[in-house]
Amino acid sequence: MEGLSRSWLGPSGFRGWTTVGDRVAGGFEFQWALTGSGWATYRITDGVSEHSDVPSYCTDALADLLAGVAGLYGSEAPQRVSFDMEPAEVRWVLRAAGKTVTIDIHRFPDLHHSSRLPDGDGECVWSSVQPRRVVAHAVLEAAQGLLDRHGAKGYLKKWAEHPFPAAELGELRRLHRERDDCAH
Ligand SMILES: [Zn+2]
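Residue numbers (this note's numbering): 3 to 186.
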């Protein structure tokens, strides 16, 4: 964990990251923290540029992300995950091509108007191409780290509207182990 995330303290100097992705060639890292009642903060970086957002519990954000990443296995259809920033929408668009994933993050000013808009109408705020294995591993580790830190009860207490997405985590872990040949 040495050296990870030290330069990034979050919107209010938050330091409580529960987990960090493995240090990998290319520098991809993903972290997810519960930063307030019904709010989470995530940070994503590919070692070149980084991006963070603060999704609210209006959607089951972490569950949707885990399901979106799981959807990359066996399908090349784009996986879309929408986060509610109240009022902005941040939409992840994940596209698999073989064992590579393109991640494009689009931002729209108002979710109530943007939910039917095409991705291209939003501003692309972050983009990267990564091995699927690396993305899945980092997202899994971030979710598992939350569970380790808070437990299911603690997670629900902080996230309030939705329980910890254990089923989604289990499914992504199964796919990642089987298809990416990762034993973690
Ligand atoms: Zn792994």
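Glycine is no exception: its CB is placed at the ideal position from the N, C-alpha and C atoms.
query                                                                                                              : result
CB contact flag (residue 58, residue 41, <8 Å)                                                                     : yes
Expected contact under 8 Å - CB spacing of residue 30 and residue 55 to nearest Å                                  : Not confirmed; about 17 Å, so no contact.
Ligand 1 site residues, beta-carbon cut 5 Å against heavy atoms                                                    : 139, 184, 186
Cβ contact (3+ pairs, closer than 8 Å) linking the region 156-164 and the region 129-137                           : no
Status (buried if at least 16 other CB within 10 Å, exposed otherwise) for residue 99                              : exposed
Three-state class that DSSP yields for residue 50 in the structure shown                                           : coil
Residue environment, residue 107, which counts as buried when at least 16 other CB atoms sit within 10 Å           : buried
Residues bridged to residue 110 (per DSSP)                                                                         : 91
Distance, residue 81 Cα to residue 46 Cα                                                                           : 17 Å
Option in 44, 32, 61, 118 with minimal Cα separation from residue 165                                              : 61
Residue span of the beta strand (DSSP E) that contains residue 35, given as start and end                          : 31-38
Residue of 69, 77, 110 minimising C-alpha distance to residue 92                                                   : 110
C-beta contact flag for residue 69 and residue 85 at 8 Å                                                           : no
Residue 66 classed as buried or exposed, judged by whether at least 16 other C-beta atoms fall within 10 angstroms : buried
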